[in-house]
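Enquirer: Please read through the structure below; I'll follow up with questions.
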Amino acid sequence: MQRTIRKVLVANRGVPAVRIMHTCRDRKIPTTAVYSTPDRLAYHVFMADTAIHIGEAPPIESYLNDDKMIEAALRSNSNAIHPGWGFLAENADFAQKVIDAGLIWIGPSPEVMRLMGDKIQAKEMARQSNVPTIPGIENAASAEQIIDWMRSEGIRFPIMIKAAAGGGGKGMVKVEHADQITMALAQARSEAKKAFNDDTVLVEKYIEHGRHIEVQVVADEHRHVVHLFERECTLQRRNQKIIEEAPSTLEDDLRHEICVTAARLMRRIGYTSAGTVEFLFEPATQSFYFLEVNTRLQVEHGITELITGLDIVGLMLDVAEGKPLPIKQSDVVPNRWALEVRLNAEDPRTFNPSFGTITHLRAPLGPNVRVILGASEGEDIPPYYDSLFMLLMASGADRADALRVLDRAISGNLRLEGVKTLAPLLLSIVRHPKFIAGDFSTNFIEEHLPELVSGFRERTGEDEMLRVAQYVAEISALGPQNWM
0 MQRTIRKVLV ANRGVPAVRI MHTCRDRKIP TTAVYSTPDR LAYHVFMADT AIHIGEAPPI
60 ESYLNDDKMI EAALRSNSNA IHPGWGFLAE NADFAQKVID AGLIWIGPSP EVMRLMGDKI
120 QAKEMARQSN VPTIPGIENA ASAEQIIDWM RSEGIRFPIM IKAAAGGGGK GMVKVEHADQ
180 ITMALAQARS EAKKAFNDDT VLVEKYIEHG RHIEVQVVAD EHRHVVHLFE RECTLQRRNQ
240 KIIEEAPSTL EDDLRHEICV TAARLMRRIG YTSAGTVEFL FEPATQSFYF LEVNTRLQVE
300 HGITELITGL DIVGLMLDVA EGKPLPIKQS DVVPNRWALE VRLNAEDPRT FNPSFGTITH
360 LRAPLGPNVR VILGASEGED IPPYYDSLFM LLMASGADRA DALRVLDRAI SGNLRLEGVK
420 TLAPLLLSIV RHPKFIAGDF STNFIEEHLP ELVSGFRERT GEDEMLRVAQ YVAEISALGP
480 QNWM
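In numbering that gives the first Met the number 0, the protein residues as written are 0 to 483.
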């Protein structure tokens, strides 16, 4: 059924809100921003055509308050809602409320979100679709039960305990020895209860030196399912992604197999809109295993856009209006390499949050650089929300070319003062011989952190003052020049 999106309320803040507004501007679709009290002067607020205050700082009173979101949409005459990523993006109940209010939900159906939001059900659906899954045990309730499973299946340590309703690395605990199981089980269940209000957990074999491969899929209401190839999201810390790239370094036949497998699963579950199938790849056996389906726009979708030339948010708008996808599988031909780094306001040595005011900000420019800003100079980074304030992407003809562009963007063009960022760590990773050679796993940062930190050279305001002083000293010594 054809529908027309007249105005979009973006149920988010910062980087995701700005990204969605970019495409809406391209399409000449007005937008509504929502904001909490500390975000009243935020970048995304000024970018929108309309802005609605939805509550105080705590997310439960603002960005997680689904009733206020729908009320804001109706007040602003917005007839569609895009959730971005994070907050309410994978909340099936919110999606249903949007539809029940007579609004257009820009995302997959609530039924599919609910099905894929439960890791146990999702894993069973993957098995039924002949998608390889990691050996595991569901609804784990005790250390004895886990030990019995390991013994019967011949599973060795380490293992991973994870929240059944989880995502984003929350409620996941790695276990190395039998005497750690009881405490790890309690920790995972506690984190799961706090993050998802559901303490159900599952236990899986831990894949040593695994690589995180995910496949971007788009699908419409007419059963057209198209994959946009894969991304490598292996560089992580505590299950949180740090650097992503597209494509991965998989061999072509394996790439074809994993992408076709992802598309088959999404077709089987009746998926619509944009979504991602995540896999864990085991290099030793050249095997891949299903992890989960992310029923939303991914943070790292931009690198897929760079290598394919497509606008994934635009495709989501098309699908939400009931249109068929404007592309076939044969139309998707990646011809570039792209990398993305996430600039968070965090101390690069300790990963502790670094809240405060951005006193100076110069975003990287130059050929083959793409930036999505979630904050501007003079803006505060508040302590209440995710500290991501910029996505920095670089592309090139091949991986080496893209790495050179990314190095230039971080080291030569980026300037930021007032808060600490992960930029020094990112630069150390990009310049590390093993990363350049493609020799890394999900443990890379933990294994090399002291070495990475030793390579930091943080630029400060004092550095800039010294450069000016050096310039003045040289001019004074040389005397007046012809160009002056």
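All residues carry an ideal CB built from backbone N, CA and C; glycine is no exception.
If you draw a straight line from the alpha carbon of Trp220 to that of Leu227, how long is it in whole angstroms?
Expert: The sequence given here places Glu at residue 220; Trp does not occur at that position. The alpha-carbon atoms of Glu220 and Leu227 are separated by roughly 18 Å.
Enquirer: Ends of the alpha helix (DSSP H) at Val214?
Expert: Segment 210–218 is the beta strand (DSSP E) holding Val214; no alpha helix (DSSP H) there.
Enquirer: Find out if the Cβ-Cβ distance for the pair Phe443, Pro423 is shorter than 8 Å.
Expert: Not closer than 8 Å, so no.
Enquirer: I need the straight-line Cα distance from Glu277 to Ser189, nearest angstrom please.
Expert: Taking the CA atoms as reference points, Glu277 sits about 25 Å from Ser189.
Enquirer: Sort Ile428, Asn367, Gly437, Ser440 by Cα distance to Leu448 and report the nearest one.
Expert: Closest by C-alpha distance to Leu448, out of Ile428, Asn367, Gly437, Ser440, is Ile428.
Enquirer: When you compare only the Cα positions, how much space is there between Ala183 and Lys173?
Expert: 8 Å
Enquirer: In the DSSP assignment, find the beta strand (DSSP E) that holds Glu243 and state where it starts and stops.
Expert: 239–245
Enquirer: Counting only the same chain and skipping the five closest in sequence on each side, list residues whose C-beta sits under 8 Å from that of Ile306.
Expert: Phe228, Ala245, Pro246, Pro333, Asn334, Arg335, Trp336, Ala337, Ser394
Enquirer: Need the endpoints of the alpha helix (DSSP H) that Ala261 sits in, please.
Expert: 251–267
Enquirer: Just list the beta strand (DSSP E) runs in the stretch 150–193, keeping only unbroken ones of 3 residues or longer that don't cross its boundaries, in chain order.
Expert: Within the stretch 150–193, the runs of beta strand (DSSP E) at least 3 residues long that lie entirely inside it are, in chain order, 158–162, 171–174.
Enquirer: Helix, strand or coil for Met389 per DSSP?
Expert: Reduced to three states, the DSSP call for Met389 is strand.
Enquirer: Spatial neighbours of Gly269 within its chain, please: C-beta separation below 7 Å, excluding the five flanking residues on both sides.
Expert: Val111
Enquirer: Mapping DSSP to helix, strand and coil, what is Pro282?
Expert: Assigned with DSSP and collapsed to three states, Pro282 falls in coil, not helix or strand.
Enquirer: On the three-pair Cβ rule with 8 Å, is the stretch 251–258 touching the stretch 91–110?
Expert: no
Enquirer: Quick one: is Arg295 buried, meaning 16 or more other Cβ sit within 10 Å of its Cβ, or exposed?
Expert: It is buried - the Cβ of Arg295 has at least 16 other Cβ atoms within 10 Å.
Enquirer: According to DSSP, what are the bridge partners of Trp336?
Expert: Gly395, per the DSSP bridge assignment.
Enquirer: Between Arg341 and Val298, is the Cβ-Cβ spacing less than 8 Å?
Expert: yes
Enquirer: Just how far apart, CA to CA, sit Leu547 and Ala374?
Expert: The requested residue 547 is not part of the displayed model; the chain covers only 0 to 483.
Enquirer: Could you have a look at Thr307 and say whether DSSP puts it in helix, strand or coil?
Expert: Helix.
Enquirer: Taking just the CA atoms, how far does Glu416 sit from Ile409?
Expert: 14 Å
Enquirer: Whole angstroms is fine: what's the gap from Asp48's alpha carbon to Pro29's?
Expert: 6 Å
Enquirer: Report the three-state DSSP secondary structure of Asn138 (helix, strand or coil).
Expert: coil
Enquirer: Just tell me which of Ala164, Thr199, Ala396 has its CA closest to the CA of Asn293.
Expert: Ala164
Enquirer: Measuring CA to CA, which of Gly301, His300, Gly274 is closest to Glu291?
Expert: Cα-wise, what sits closest to Glu291 is Gly274.
Enquirer: Grab me the residues of Val33's own chain with a C-beta within less than 6 Å of its C-beta, minus the 5 sequence neighbours each way, in chain order.
Expert: Ile51, Ile53, Ala71
Enquirer: State whether the stretch 82–90 contacts the stretch 7–24, with contact taken as three or more CB pairs (one from each stretch) at a distance under 8 Å.
Expert: Cβ pair count under 8 Å is three or more, so yes.
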